[in-house]
Each structure stands twice: as structure tokens, then as C-alpha cells.
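Chains as they are written, first to last, in full-length UniProt numbering: chain A, 1 to 113; chain B, 1 to 113. What follows is a short report on a single structure.
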DNA sequence: CAGAATCCCCATAGATACTG
DNA sequence: CAGTATCTATGGGGATTCTG
């Protein structure tokens, strides 16, 4: 069932989307709640700078993983939401999250290899 | 079932291991065949430089994802193999690979969002 | 509110040459 | 065979300031 042929590796396709210091946490937020405003995301991820938040959102948008909706009003209102396509990343994020939990356990209990 | 709480994100744990330009392809090779010699890996991944191969292998080794075994002989023989722990990454790599295949289909057929 | 514009640092990764 | 050792370039990411 696991036909992971190294000659035919498509792992990088999704990796390229996920790589970026803040992308996983942005995606987790938008998977949990869409849409979210720029300021809501900023508040949810306090340590990110505005520049980085903007940049990572733009990248995800250009890959059609998220959508950006601008409301023509003052003050500006911009909402981000996950696309249907973006939702297909959920199994990957889930697998990674689950692995991360196990990994933490392991490093705490320091199981022998 | 999908308890992907953004407040409690463990996605980066595995991401940190997978990130590195050559790590996924190295892991796929060692998941398909272990052990492999340094030169076999080099041949399997022609575009990688020796320096990068060494570096990425060392990093994976320090994370206990792979094992390095040196044979005291001339010429030197060094074998790399995936650890049991490293094998737990397979579901993630599989999910990513599957996603990559779908992604390729999508970008070829240019489905509307 | 939601950014754009600058300036800056450093880690990643490539090329090349050398070696026990 | 399986690496080191250098040198260098690129760009990811951070801090700060400014703006429609």
C-alpha cells in the first residue's frame, strides 16, 4: 500500500507549501476558523511581524491555499479564509501534528532507541 | 477526530526534521532500502553534492532518524539505514506524496477553484 | 486597520578543491 | 570511498518606520 518510490517523489510538492516559519500555524488557525481578519491572525500569532504575516499570507494566496477578501470600507477590512483546495492539506497537518505529539512524549521519557 | 487546535500546534516538530532540500528524498530512499552506502545514496540522488549529502545525513543522524555504521576497512565503508523511530515518519511522507500526486493532476487539468 | 518600504543579519546551500 | 575545508551567493526572516 505504501508505494513510496524514491524515483518518483512528490513529497516536495506539499513541503513547498508548508515550509515557511509561520505557514503551519497560519493554516491551523484558518482550518479552525475561517474567515479571519488580518488583525485576528496577528493576535492569534503574537510573535509574527506584520511584514511576515503579510508575506506568508500572500504566498499561500498565490498557491490558492487561502483566499483573500477585501471589503471596500474605512477602516479597511480584509478577511482570509481557507479554500477547499487548502482543506486537502488537513490530513498532512494532522499526520504531522500526531507525530509531533508522539515525538514530544519520546523526548520527555527518553526511551532507548 | 481532527483536533488540530492552533493553540497547541505540534506540526513544527516533524517539519523541522523534514525541512532541508534533500531530506525527503534521502528518507524515501532509506525507507525503500536500508542500509545504503554513501556512494549508493549519492548515485540515487545525482544532483546532490557530497557536502550536502554528508550534512543532511549528519543532521538526520543526530535526530535519531537514521543510523550511521562505519566499517573499519580500506577503502572505507559507511552504511546508512533508517531507524525504527525514523520509520514512524512514513505516514507523513505518504500523506505528502499522495497530496503531491493530486496536486500535479490539478495543476495539469487546471481545475477551477 | 492592513499593509508597504527599508535596512540588515545570518543560515542554507552551491561550487570547488583537497585527503586519510 | 567517504568524506573535510573554503569561499561565496541567495534569500528567508527580523526590526523599524511610514501611510491610505
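Where is the CB? At the ideal position from N, CA and C, for every residue including glycine. Everything numeric in this text was worked out from a predicted model, so none of it was measured.
Option nearest residue i by Cα separation, candidates the options
i: residue 118/B; options: 50/B, 24/B, 38/B and 88/B; result: Summary: the structure shown does not reach residue 118/B, with chain B confined to residues 1 through 113, and so no result is reported for it.
i: residue 32/B; options: 90/B, 3/B, 51/B and 42/B; result: 90/B
i: residue 83/B; options: 4/B, 54/B and 60/B; result: 60/B
i: residue 57/B; options: 104/B, 24/B and 72/B; result: 24/B
i: residue 21/A; options: 8/A, 34/A and 47/A; result: 47/A
i: residue 52/A; options: 99/A, 109/A, 10/A and 26/A; result: 26/A
i: residue 54/B; options: 14/B, 80/B and 105/B; result: 80/B
i: residue 8/A; options: 107/B, 16/B and 97/B; result: 97/B
i: residue 101/B; options: 3/A, 10/A and 4/A; result: 10/A
i: residue 62/B; options: 3/B, 109/B and 17/B; result: 17/B
Neighbourhood of residue i by C-beta distance below 8 Å, restricted to the same chain and skipping five residues each side
i: residue 95/A; result: none
i: residue 85/A; result: 64 and 65
i: residue 36/A; result: 29, 30, 44, 79, 80 and 81
Neighbourhood of residue i by C-beta distance below 6 Å, restricted to the same chain and skipping five residues each side
i: residue 1/A; result: Because the pLDDT of residue 1/A is 48, which lies under 50, any placement of that residue in the model is unreliable, and the number read from its coordinates should be weighed accordingly. Excluding positions up to five away in sequence, the list is empty.
i: residue 6/B; result: none
i: residue 93/A; result: none
i: residue 77/B; result: 71
i: residue 13/A; result: none
i: residue 67/B; result: 81 and 83
Chain-ordered neighbours of residue i on chain A, where CB pairs are closer than 8 Å
i: residue 102/B; result: 88
Other residues of its chain near residue i: CB distance less than 7 Å, five sequence neighbours each side excluded
i: residue 44/B; result: 29
i: residue 41/A; result: 26, 29, 53 and 80
i: residue 34/A; result: 81 and 82
Range of the contiguous alpha helix (DSSP H) that encloses residue i
i: residue 11/A; result: 11-18
i: residue 42/B; result: 38-44
i: residue 92/A; result: 90-109
i: residue 26/B; result: 23-32
i: residue 53/B; result: 50-62
Delimiting residues of the beta strand (DSSP E) encompassing residue i
i: residue 81/B; result: 77-82
i: residue 66/A; result: 66-71
Chain A residues whose Cβ lies nearer than 9 Å to that of residue i
i: residue 25/B; result: 6, 9, 11 and 12
Closer than 7 Å at the beta carbon, the chain A residues around residue i
i: residue 96/B; result: 11, 14, 15 and 92
Residues that residue i contacts on chain B, provided the C-beta gap is smaller than 7 Å
i: residue 19/A; result: 19
i: residue 57/A; result: Here the premise fails: no neighbours, minimum Cβ distance about 15 Å.
Interface partners of residue i on chain B, CB under 9 Å
i: residue 72/A; result: Under the 9 Å cutoff, chain B gives no residues; its nearest Cβ is about 22 Å from residue 72/A.
i: residue 22/A; result: Near residue 22/A there are no residues of chain B at all, since even the closest Cβ is about 10 Å away, more than 9 Å.
Under 8 Å by beta carbon: chain B residues contacting residue i
i: residue 28/A; result: 4, 5, 6, 9 and 11
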